[in-house]
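See below for the structure under consideration.
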Amino acid sequence: MLRVSNLRKAFSTVVAVDNVSLEVQRGELFGLLGPNGAGKTTTIRTVLNIIAPDSGSITFDGKSFSPEMWNIIGYLPEERGLYRKSKILNTILYFAALKGMNEREAKPVAYQWLERFGLKDSAHRKVEELSKGNQQKVQLIISLLHRPQLLILDEPFTGLDPVNQILLKDVLMDLRQQNVAIIFSTHQMEQVEKMCDNISLINKGKEVLSGSLRDVKKRYGTNSLRIEFEGDGEFLKTLTNVKRADVYQNYAELELTDPAGSRAILSQVGDKLNLRKFEIVEPSLNSIFINVVGPPPESPELTAPPVVAAKKPKAPSDPRVKKEFRSVLVSVLVLLLFTATTIFGSDPAWYVPIIFLPIVGFSIFKYIRAKREVEGEQTLKGGGPVE
Numbered sequence: 240m241l242r243v244s245n246l247r248k249a250f251s252t253v254v255a256v257d258n259v260s261l262e263v264q265r266g267e268l269f270g271l272l273g274p275n276g277a278g279k280t281t282t283i284r285t286v287l288n289i290i291a292p293d294s295g296s297i298t299f300d301g302k303s304f305s306p307e308m309w310n311i312i313g314y315l316p317e318e319r320g321l322y323r324k325s326k327i328l329n330t331i332l333y334f335a336a337l338k339g340m341n342e343r344e345a346k347p348v349a350y351q352w353l354e355r356f357g358l359k360d361s362a363h364r365k366v367e368e369l370s371k372g373n374q375q376k377v378q379l380i381i382s383l384l385h386r387p388q389l390l391i392l393d394e395p396f397t398g399l400d401p402v403n404q405i406l407l408k409d410v411l412m413d414l415r416q417q418n419v420a421i422i423f424s425t426h427q428m429e430q431v432e433k434m435c436d437n438i439s440l441i442n443k444g445k446e447v448l449s450g451s452l453r454d455v456k457k458r459y460g461t462n463s464l465r466i467e468f469e470g471d472g473e474f475l476k477t478l479t480n481v482k483r484a485d486v487y488q489n490y491a492e493l494e495l496t497d498p499a500g501s502r503a504i505l506s507q508v509g510d511k512l513n514l515r516k517f518e519i520v521e522p523s524l525n526s527i528f529i530n531v532v533g534p535p536p537e538s539p540e541l542t543a544p545p546v547v548a549a550k551k552p553k554a555p556s557d558p559r560v561k562k563e564f565r566s567v568l569v570s571v572l573v574l575l576l577f578t579a580t581t582i583f584g585s586d587p588a589w590y591v592p593i594i595f596l597p598i599v600g601f602s603i604f605k606y607i608r609a610k611r612e613v614e615g616e617q618t619l620k621g622g623g624p625v626e
């Protein structure tokens, strides 16, 4: 159905997809996996001809992509693309028309899917009135309505509660029975384990792991233990030959550095724990993912900078302050002059200084106000409070 060969796509100096190849058959559920920024979405958009590859080939049933192929492909993007003010049924019918379906053909199919996803009674509500999970279901219906032969889902379980995740899983299994080729990209490894036939793991744009889920697990499946016990199992993390230990309340999953070390582990834990089960198991896809890609980088410890009291900014040489300061000086000098004249003059006029005192006070008030205004403006520019 779909064959991608040696796909490469770069954005300036950043290589997003580097020599990726994959093949998906009809009736197959294919998992496209990878950490954030690995190149999964770029791969999907290149397959859909949304962006053009720099090199490589993409064929559908042996043919290169053509505009007519849009009508046989269903695509659920990771981002929501619904018209929030539009009614749900109208939105679905609009997208159906883009896929070449007329309203008479699309409406009964739309109601069938709305009923299956539990949204039939909400058909005439606006999109914005729905929860995020129900909006996700509307987008799923849009991607399914035109009966695609190839269905590409980018994070389809986002926003869905456990009940609706099971519902979506059942829908995808039914589509697989109808011979639809399905690709889905997700971070939920447990869903991939339950559903997918084949997987491809991309990291930093490169395909680092691919094949059937069964073969991939066999490749990594000789060094994993599951222990069920009673007691405190924290010491399991410190045992030699244990590469990684996930310890829970009454069981643990261990990954060994040497598959032959399981007997040694049994002898070390037998005396310390009341064992109920000790078995070699297939590794989970999540543990394989971490083993291949590596654990997420540890966040550096953030140390809060010392709290330094904000200094009161000095008033700059602002013309307003200078003007009011001169007024204060003049009024004080005049007051001193009148006071001296009153004291040493032959005809004292005590009322003159008294009358002039309010003028001096008003000048001082205007100076203080201007100074505070300038300080406030300087504080806002500097981003700190005034003490």
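Using the numbering used here, you'd call the opening residue of the sequence shown number 240 and step up by one each time.
For glycine and all other residues, C-beta sits at the position ideal for the given N, C-alpha and C.
Residue i: first and last residue of the uninterrupted alpha helix (DSSP H) it sits in
{"i": "S526", "result": "L524 to V532"}
{"i": "V366", "result": "V366 -> no alpha helix (DSSP H), and no H or E assigned at all."}
{"i": "S501", "result": "S501 to V508"}
{"i": "E342", "result": "E342 to R355"}
{"i": "Y459", "result": "L452 to Y459"}
{"i": "E429", "result": "M428 to M434"}
For residue i, the three-state DSSP class (helix, strand or coil)
{"i": "K550", "result": "Its pLDDT being 48, under 50, K550 is placed unreliably in this model, and the value from its coordinates should be taken loosely. Three-state DSSP puts K550 in coil, outside helix and strand."}
{"i": "E540", "result": "The pLDDT assigned to E540 is 46, lower than 50, so where the model puts this residue is not dependable, and the model offers no usable value."}
{"i": "V481", "result": "strand"}
{"i": "K338", "result": "coil"}
{"i": "I519", "result": "strand"}
{"i": "F242", "result": "Per the sequence shown, the amino acid found at residue 242 is Arg instead of Phe. Correct three-state label for R242: strand."}
{"i": "Q404", "result": "helix"}
{"i": "L332", "result": "helix"}
{"i": "N513", "result": "strand"}
{"i": "N275", "result": "coil"}
{"i": "E318", "result": "coil"}
{"i": "L358", "result": "coil"}
{"i": "S303", "result": "strand"}
Proximal residues to residue i (C-beta, below 6 Å), its chain only, five neighbours per side dropped
{"i": "G270", "result": "V431, C435 and I438"}
{"i": "P555", "result": "Its pLDDT being 48, under 50, P555 is placed unreliably in this model, and the coordinates cannot settle the point."}
{"i": "Q516", "result": "The question names Gln, yet the displayed sequence has Lys at residue 516. Result list for K516: E467, in chain order."}
{"i": "S602", "result": "S566, V567 and S570"}
{"i": "A345", "result": "L332 and A335"}
{"i": "Y459", "result": "P522 and I527"}
{"i": "L512", "result": "F468 and G470"}
Residue i and residue j closer than 8 Å at C-beta
{"i": "L384", "j": "V410", "result": "no"}
{"i": "E446", "j": "V286", "result": "no"}
{"i": "G398", "j": "K371", "result": "yes"}
{"i": "S523", "j": "M428", "result": "yes"}
{"i": "K476", "j": "T496", "result": "no"}
{"i": "L389", "j": "I312", "result": "yes"}
{"i": "E262", "j": "L241", "result": "yes"}
{"i": "N462", "j": "E494", "result": "yes"}
{"i": "E473", "j": "V486", "result": "yes"}
{"i": "S361", "j": "L369", "result": "yes"}
{"i": "I421", "j": "L414", "result": "yes"}
Where the beta strand (DSSP E) through residue i begins and ends
{"i": "E204", "result": "Lying before the first or after the last residue shown, residue 204 is absent from the chain, which here runs from 240 to 626."}
{"i": "A420", "result": "A420 to S424"}
{"i": "Y490", "result": "Y490 to L495"}
{"i": "I297", "result": "S294 to F299"}
{"i": "N442", "result": "N437 to N442"}
{"i": "Y314", "result": "I312 to L315"}
{"i": "F269", "result": "L268 to L272"}
{"i": "L390", "result": "L389 to D393"}
Close-in-space but distant-in-sequence residues of the same chain around residue i (CB under 8 Å, 5 per side omitted)
{"i": "V366", "result": "L321, Y322, R323, K324, S325, K326, I327, T330, Q374 and V377"}
{"i": "H363", "result": "K326, I327 and L328"}
{"i": "K456", "result": "E521, P522, L524 and I527"}
{"i": "V419", "result": "R265, G266, P387, Q388, L389 and L390"}
{"i": "T542", "result": "Interpretation of T542 is limited by its pLDDT of 43, a score under 50 that renders its predicted location unreliable; the figure taken from the coordinates is listed afterwards. So no residue of the chain qualifies."}
{"i": "V531", "result": "L440, N442, V447 and L448"}
{"i": "A484", "result": "L475, K476, L478, A491, E492, L493 and E494"}
Counterpart residues of residue i in DSSP-defined beta bridges
{"i": "V253", "result": "F250"}
{"i": "I283", "result": "I283 pairs with nothing; no bridge assigned."}
{"i": "K445", "result": "N442"}
{"i": "N288", "result": "According to DSSP, which records beta bridges pairwise, N288 is partnered with nothing at all."}
{"i": "L596", "result": "Per DSSP, none; premise fails for L596."}
{"i": "V263", "result": "L241"}
{"i": "E486", "result": "Position check: residue 486 holds Val in this sequence, whereas Glu was assumed. According to DSSP, which records beta bridges pairwise, V486 is partnered with A491."}
{"i": "K326", "result": "K365"}
Cutoff 7 Å; reference residue i; Cβ partners in own chain excluding five residues on either side
{"i": "K279", "result": "L271, G273, S424 and I441"}
{"i": "D393", "result": "T280, I283, L315, P316, E317 and S424"}
{"i": "L505", "result": "F517"}
{"i": "D293", "result": "R247, K248 and A249"}
{"i": "M308", "result": "F299"}
{"i": "R608", "result": "none"}
{"i": "F396", "result": "Q404, L407, T425, Q427 and Q430"}
Residue i CB to nearest heavy atom of the ligand HEM below 7 Å
{"i": "F299", "result": "In the structure shown, the ligand HEM is absent, as is every other ligand, since no ligand is present at all."}
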